[in-house]
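Novice: Start counting the sequence shown at 2; every next residue gets the next number (the numbering used here). The beta-carbon is built from N, C-alpha and C at its ideal position, and this holds for glycine as well.
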Amino acid sequence: MSNIAKLPTLQELYTEPEEAFKNDAFLVLMNAKPPDKWVKEHPFIKGHKYIPIDKIEFLLNKIFKIYKIEILREGSSFNGVFVVVRVTVRHPVTGEWHFHDGIGACELQTKKGASAADLASINNGALSMAFPIAKSLAVKDACDHFGSLFGANLNRKDVLEFSPDDKLNKIVNDLTFWKRLSECKTIEEVDNLAIEYPDIDYSIYKKRKEEIKEYGI
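(1) Just to confirm, are residue 84 and residue 109 a CB contact at a threshold of 8 Å?
(2) Identify whether residue 42 lies in helix, strand or coil by the three-state DSSP scheme.
(3) Return the first residue and the last residue of the beta strand (DSSP E) that residue 100 is part of.
(4) Where do the N-terminal and C-terminal ends of the alpha helix (DSSP H) with residue 203 fall, by residue?
(5) Suppose the cutoff is 7 Å on Cβ atoms and the five residues either side in sequence are ignored; what does the same chain contact list for residue 74 look like?
(6) Put residue 128 into one of helix, strand or coil per three-state DSSP.
(7) Mind checking residue 204: buried by the 16 CB within 10 Å criterion, or exposed?
(8) Between the beta-carbon of residue 35 and the beta-carbon of residue 152, is there less than 8 Å?
(9) Kindly indicate which residue of 58, 70, 61, 39 has the alpha-carbon position closest to the one of residue 51.
(10) Can you tell me the Cα-Cα spacing of residue 22 and residue 179, whole angstroms?
(11) Taking the continuous alpha helix (DSSP H) assigned at residue 150, which residues delimit it?
(12) Of all the options 158, 92, 101, which has the alpha carbon lying nearest to the alpha carbon of residue 48?
(13) By how many angstroms is the C-alpha of residue 80 removed from the C-alpha of residue 122?
(14) Does residue 177 come out as helix, strand or coil in the three-state DSSP assignment?
(15) Between the beta-carbon of residue 141 and the beta-carbon of residue 54, is there less than 8 Å?
(16) For residue 189 and residue 200, what's the separation of their Cα atoms in angstroms?
(17) Which same chain residues end up closer than 6 Å to residue 61 when comparing Cβ atoms and leaving out the 5 residues on each side of it in sequence?
(18) For residue 46, does the count of other Cβ atoms within 10 angstroms reach 16, so buried, or fall short, so exposed?
(19) Just the Cα atoms here: how many angstroms apart are residue 214 and residue 133?
(20) Quick one: using the 10 Å Cβ neighbour count with 16 as the cut-off for buried, is residue 66 buried or exposed?
(21) Can you say whether residue 208 is buried or exposed, counting buried as having 16 or more other CB atoms within 10 angstroms of its CB?
Structure, rendered in structure tokens:
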């Protein structure tokens, strides 16, 4: 059976989308702008935007399903700690494994009024708090490489927008087609829709027919 399914929209990421994608359609999703309500501004760095780690983990779970995070190394640097991680995911189109590395750092919390360089004033539990924060930052740094959806371009001024070919763009933007395809309950209805949308890859119609035959949906 074909693994081709419809491209999930950002709205569908909140529900239960089908997780199979088709080449450029997957890239369109990865390079989509993240929802505005996900984007936060750093409390201490003016103008620096970021996506919280829970949203990054949400995307990893929803899009890739199968992934793993490895700590490659960790250490201390001046008045803080750093963590280097590797995020490995299984590509939902090809099934191949891909990875990106990322690094994150966090300074150690010191007593109020003390200099950040005063190691004698480090608070109890500072290390246990700093390392998880550094790890989360490293995971987000690695996931940036997946595309704009994961926050890659949040703090870039000059960004070349991803532009799919015209045929794909028509498919991605025509949400009416996907809705109508999902509402087809018979082979005849799928064939009629194929006549109306001749530019759509036939394998998509074939998959819908197989679903109707096998599951009656």
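Specialist: Result, derived from the coordinates:
(1) Residue 84 sits at position 83 when you count from the first residue of the sequence shown. Residue 109 sits at position 108 when you count from the first residue of the sequence shown. In this structure, residue 109 does not lie closer than 8 Å to residue 84 by Cβ.
(2) Translated into positions along the sequence shown, residue 42 becomes position 41. Here residue 42 sits in strand by DSSP.
(3) As a working note, residue 100 is residue 99 in the sequence shown. From DSSP, the beta strand (DSSP E) with residue 100 extends over 98 to 108.
(4) As a working mapping, residue 203 is identified with position 202 in the sequence shown. Taken as a continuous stretch (DSSP letters only), the alpha helix (DSSP H) holding residue 203 covers 203 to 216.
(5) Locating residue 74 in the sequence shown gives position 73, where the first residue counts as 1. Same-chain partners within the cutoff: 85.
(6) For the purposes of this step, residue 128 is taken as residue 127 along the sequence shown, with counting starting at 1. Residue 128: helix per DSSP, three-state reduction.
(7) Taking the first residue of the sequence shown as position 1, residue 204 is located at position 203. Flag for residue 204 reads exposed.
(8) As a position in the sequence shown, residue 35 is number 34, starting the count at 1. As a position in the sequence shown, residue 152 is number 151, starting the count at 1. Yes; because the gap between Cβ atoms is below 8 Å, this pair is in contact.
(9) By 1-based counting over the sequence shown, the position of residue 51 is 50. The shortest C-alpha separation from residue 51 is found at 39.
(10) Within the sequence shown, numbered from 1, the residue matching residue 22 stands at position 21. Within the sequence shown, numbered from 1, the residue matching residue 179 stands at position 178. A caution first: residue 22 carries a pLDDT of 42, below 50, which makes its placement in the model too unreliable to give a value.
(11) Locating residue 150 in the sequence shown gives position 149, counting from the first residue. Careful: residue 150 lies outside any alpha helix (DSSP H) and carries neither H nor E.
(12) Taking the first residue of the sequence shown as position 1, residue 48 is located at position 47. Taking only the C-alpha atoms, the option nearest residue 48 is 158.
(13) Working through the sequence shown from its first residue, we reach residue 122 at position 121. Working through the sequence shown from its first residue, we reach residue 80 at position 79. Cα to Cα, the separation comes out at about 11 Å.
(14) Residue 177 sits at position 176 when you count from the first residue of the sequence shown. It is helical.
(15) Position 140 of the sequence shown, counted from the start, is the residue given in the question as residue 141. Position 53 of the sequence shown, counted from the start, is the residue given in the question as residue 54. Closer than 8 Å, so yes.
(16) Against the sequence shown, residue 189 aligns to sequence position 188. Against the sequence shown, residue 200 aligns to sequence position 199. Using only the alpha carbons, I get a separation of about 18 Å.
(17) Indexing the sequence shown from 1 puts residue 61 at position 60. Excluding residues within five positions, the ones whose Cβ falls inside 6 Å are 68.
(18) For the purposes of this step, residue 46 is taken as the residue at position 45 of the sequence shown. With fewer than 16 Cβ atoms within 10 Å of its Cβ, residue 46 is classed as exposed.
(19) Here residue 214 refers to the residue found at position 213 when the sequence shown is read from its first residue. Here residue 133 refers to the residue found at position 132 when the sequence shown is read from its first residue. Cα to Cα, residue 214 sits roughly 49 Å from residue 133.
(20) By 1-based counting over the sequence shown, the position of residue 66 is 65. It counts as exposed.
(21) If you number the sequence shown from 1, residue 208 lands on position 207. Buried.
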